[in-house]
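Peer 1: Protein chains in written order, with the working numbering: chain A, 5 to 293; chain B, 6 to 350. Every residue, glycine too, gets a C-beta built ideally from N, C-alpha and C. Remember, predicted model here, so these are calculated numbers, not experimental data.
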């Protein structure tokens, strides 16, 4: 039973990380209808920036927030410089641009910081407060992601800018007519997504260790979680990711060997998608003929 | 010809995935001359190239077939697949196992592998009917992730060779032909490539091709006109898998070795890159894309050995920014501009 509870919490903690990635993906998807495959590498690069600052002796939490701010700026710039010029290109071409960003960040991180695996510190104390059930880092991860979700919820629902962003996600033409700066909102969406990804990167780095490939698995789970919950629904994506984290962990503990975990998780998702093609909480897309 | 007046304003700005109107770079006689000239060059090539360059040339042809397969599905039918490395693996393993377990000669193993992939592709295409766009991408991606792990699985190790993989015999040169085994596998590949490109060229221009394209552009309208979406889309999936499977079969014969790690999901992305950079929904784009994915990594490494893939990525972005419709689209724009400038028109 202890093992079960422990694995349940580990699953929730992993799920929280997947949820941040999923949320970052949904952020960009809602405003631009694009799925950013480079999100994971952006998060990885953010984690490297944090690692570099920590190496210079910057206190953890200061480095944490500076990284978020820097990632936000990088996200906005990426939208301006790299994505906007191809917004009118065919969808597949944009996909390849994402892939280009993916390999460039991956390669640059390896070149600048090295490919060897690095230890990334956890801001939380080693000795467990809650015994064997949950480690402090897992608890801290859940808490930070929870706080971040609340902040984003508040931003989207109770601020004017948040309202404008939701408006842009619904109908860009109408937003332009009422005087919302749509371009700026798209950039803001990218910035926020990069910032959310940065948090995920910094929280997962102590668990999977820091190297240029660390986010590939996480990104797949984030995508899977988002699609499972419904890619147009931020809260569905969060719930989907949490479910995925728990199920994946329990499956890995009790049923199958760890190596096959990813495959089994993906097969499960496809099974669910065959029954509910728009995800568990997604809206059915109705198109006018 | 009907392509003489194309109004750039009428070109779709935000088109469905892979949309490129049916346009031809060259028309009529000049096209036939170009194709024949290219084939002539391809036949002379193995006698002037060194061993390594010849291997690369064979790889280009193999990638061209694989990318063409993906292009039939993604470009012409609008179904995005990020899982075609799985069909590449299926074709390669089918050829290896047919040769080792059943002693099948390579010339029979190539089409048989293709048919096996056709069957699997059709079966996979059937449930995929329910999925669209990125959901389909995820489903195919899962296939690409799962298959190498399955090939490593201990229970079927006696056939697949597990992590070690399998060794494949290089096709024997028919008696009396004055070519080396490397040159022979090149010619086999060239023959298969020409046959498959010719078949694809005819397929996409015929009634089946029009049905497939109609389903991509407007599924409901196509169905109203009497096109059975389920059959055509599954069949397209099957044919696409067959092309890529045959490419896998050829690659097994040319590399003489198959292993799960050769079919990492990254290969799927490479195929997609080739299809898009070459030009979606174009036949010749597959060839241009194959040249890109085989040679640009080498070029990138020569430019910078530290950040090879960053340079590769930069090339990728450059091509997309300069030619949003891929290299085939870019070339065609160039041709049109040149033709418009030529006197006497």
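Check whether the Cβ of residue 2 of chain A lies closer than 7 Å to any Cβ atom in chain B.
Peer 2: Absent from the model: residue 2 of chain A. The displayed extent of chain A is 5 to 293, so no value can be given.
Peer 1: Would you say residue 38 of chain A faces chain B, with C-beta separation under 7 Å as the test?
Peer 2: Not closer than 7 Å to any Cβ of chain B, the Cβ of residue 38 of chain A fails to qualify, so no.
Peer 1: Closest to residue 235 of chain B by CA distance: which of B:135, B:331, B:213 and B:124 is it?
Peer 2: The shortest Cα separation from residue 235 of chain B among B:135, B:331, B:213 and B:124 belongs to B:135.
Peer 1: Who are the Cβ neighbours of residue 266 of chain A in its own chain at under 6 Å, not counting the five residues just before and after it?
Peer 2: Cβ neighbours of residue 266 of chain A beyond the five flanking positions: none.
Peer 1: Can you find a CB in chain B that lies within less than 7 Å of the CB of residue 30 of chain A?
Peer 2: No, because no Cβ of chain B sits closer than 7 Å to the Cβ of residue 30 of chain A.
Peer 1: Starting from residue 30 of chain A, trace the alpha helix (DSSP H) both ways and give me its first and last residue.
Peer 2: First-last of the alpha helix (DSSP H) with residue 30 of chain A: 6–36.
Peer 1: Closest Cβ-Cβ distance between residue 241 of chain A and chain B: below 7 Å?
Peer 2: Judged by the 7 Å Cβ criterion, residue 241 of chain A is not in contact with chain B.
Peer 1: How far does the alpha helix (DSSP H) with residue 230 of chain B in it extend, from its first residue to its last?
Peer 2: From DSSP, residue 230 of chain B is part of no alpha helix (DSSP H); its letter is neither H nor E.
Peer 1: Can you check DSSP and say which residues form a bridge with residue 262 of chain B?
Peer 2: In the DSSP output, where bridge partners are listed per residue, residue 262 of chain B has B:172.
Peer 1: How far does the alpha helix (DSSP H) with residue 125 of chain A in it reach, from first residue to last?
Peer 2: That residue, residue 125 of chain A, is in no alpha helix (DSSP H); it is neither H nor E in DSSP.
Peer 1: I'd like the list of long-range same chain contacts for residue 27 of chain B, defined as Cβ closer than 7 Å, with 5 residues on each side in sequence excluded.
Peer 2: Its pLDDT being 47, under 50, residue 27 of chain B is placed unreliably in this model, and the coordinates cannot settle the point.
Peer 1: How about the segment 208–218 of chain A and the segment 240–249 of chain A: do they share at least three Cβ pairs that are nearer than 8 Å?
Peer 2: Short answer: they don't touch.
Peer 1: In whole angstroms, what separates the C-alpha of residue 274 of chain A from that of residue 37 of chain B?
Peer 2: Using only the alpha carbons, I get a separation of about 45 Å.
Peer 1: Between the segment 25–33 of chain A and the segment 90–99 of chain A, do at least 3 Cβ pairs fall closer than 8 Å?
Peer 2: Because the criterion of three Cβ pairs below 8 Å is not met, the segment 25–33 of chain A and the segment 90–99 of chain A do not touch.
Peer 1: Short of 9 Å Cβ to Cβ, which residues in the segment 196–228 of chain A face chain B?
Peer 2: Hits within the stretch, in order: 224, 227 and 228.
Peer 1: Anything in chain B within Cβ reach of residue 97 of chain A, meaning under 7 Å, just list it in chain order.
Peer 2: Near residue 97 of chain A (Cβ distances below 7 Å), the residues of chain B are 281, 325 and 329.
Peer 1: Run through the segment 45–80 of chain A for me and flag every whole alpha helix (DSSP H) of 4 or more residues, listed as ranges in chain order.
Peer 2: If we require 4 residues or more, the segment 45–80 of chain A turns out to have no alpha helix (DSSP H) run fully inside it.
Peer 1: Using 7 Å as the limit for Cβ to Cβ distance, is residue 281 of chain A near chain B?
Peer 2: With 7 Å as the cut-off, residue 281 of chain A counts as an interface residue toward chain B.
Peer 1: Between residue 170 of chain B and residue 254 of chain A, what straight-line distance do the alpha-carbon atoms span, to the nearest angstrom?
Peer 2: Going by the C-alpha atoms only, they are around 31 Å apart.
Peer 1: Indicate whether at least one CB of chain A lies closer than 7 Å to the CB of residue 322 of chain B.
Peer 2: It does: the Cβ of residue 322 of chain B has a partner Cβ on chain A nearer than 7 Å.
Peer 1: Count the other CB atoms, across all protein chains shown, that sit within 10 Å of the CB of residue 119 of chain A; report buried if there are 16 or more and exposed otherwise.
Peer 2: When all chains shown are included, residue 119 of chain A counts as exposed.
Peer 1: Spatial neighbours of residue 264 of chain B within its chain, please: C-beta separation below 6 Å, excluding the five flanking residues on both sides.
Peer 2: Excluding sequence neighbours, residue 264 of chain B sits near 170.
Peer 1: Secondary structure at residue 214 of chain A, three-state DSSP: helix, strand or coil?
Peer 2: Here residue 214 of chain A sits in strand by DSSP.
Peer 1: When you compare each of B:150, B:179 and B:196 to residue 45 of chain B by their alpha carbons, which one comes out closest?
Peer 2: Cα-wise, what sits closest to residue 45 of chain B is B:196.
Peer 1: According to the neighbour-count rule (16 or more other Cβ atoms, all chains shown, within 10 Å of its Cβ), is residue 55 of chain A buried or exposed?
Peer 2: Flag for residue 55 of chain A reads buried.
Peer 1: What did DSSP end up calling residue 41 of chain A once you bin it into helix, strand or coil?
Peer 2: Residue 41 of chain A: coil per DSSP, three-state reduction.
Peer 1: Classify residue 158 of chain B as helix, strand or coil using the three-state DSSP reduction.
Peer 2: Reduced to three states, the DSSP call for residue 158 of chain B is coil.
Peer 1: What are the boundary residues of the alpha helix (DSSP H) that includes residue 257 of chain A?
Peer 2: From DSSP, the alpha helix (DSSP H) with residue 257 of chain A extends over 238–258.
Peer 1: Measure the C-alpha to C-alpha separation of residue 206 of chain A and residue 116 of chain A and round it to an integer number of angstroms.
Peer 2: Their backbone Cα atoms lie some 18 Å apart in a straight line.
Peer 1: When the Cα atoms are used, what is the spatial distance from residue 225 of chain A to residue 18 of chain A?
Peer 2: For residue 225 of chain A and residue 18 of chain A, the distance between alpha carbons rounds to 10 Å.
Peer 1: Just checking, does the segment 167–174 of chain A make contact with the segment 187–200 of chain A on the three C-beta pairs under 8 Å criterion?
Peer 2: Yes: at least three Cβ pairs fall under 8 Å.
Peer 1: Assign residue 192 of chain A to one of three DSSP states: helix, strand, or coil.
Peer 2: Residue 192 of chain A falls in the helix class under three-state DSSP.
Peer 1: Can you pull the chain A neighbours of residue 135 of chain B, defined as C-beta to C-beta under 7 Å?
Peer 2: Per Cβ cutoff of 7 Å: 278 and 281.
Peer 1: Any Cβ of chain A within less than 7 Å of the Cβ of residue 92 of chain B?
Peer 2: No, its Cβ sits nowhere closer than 7 Å to a Cβ of chain A.
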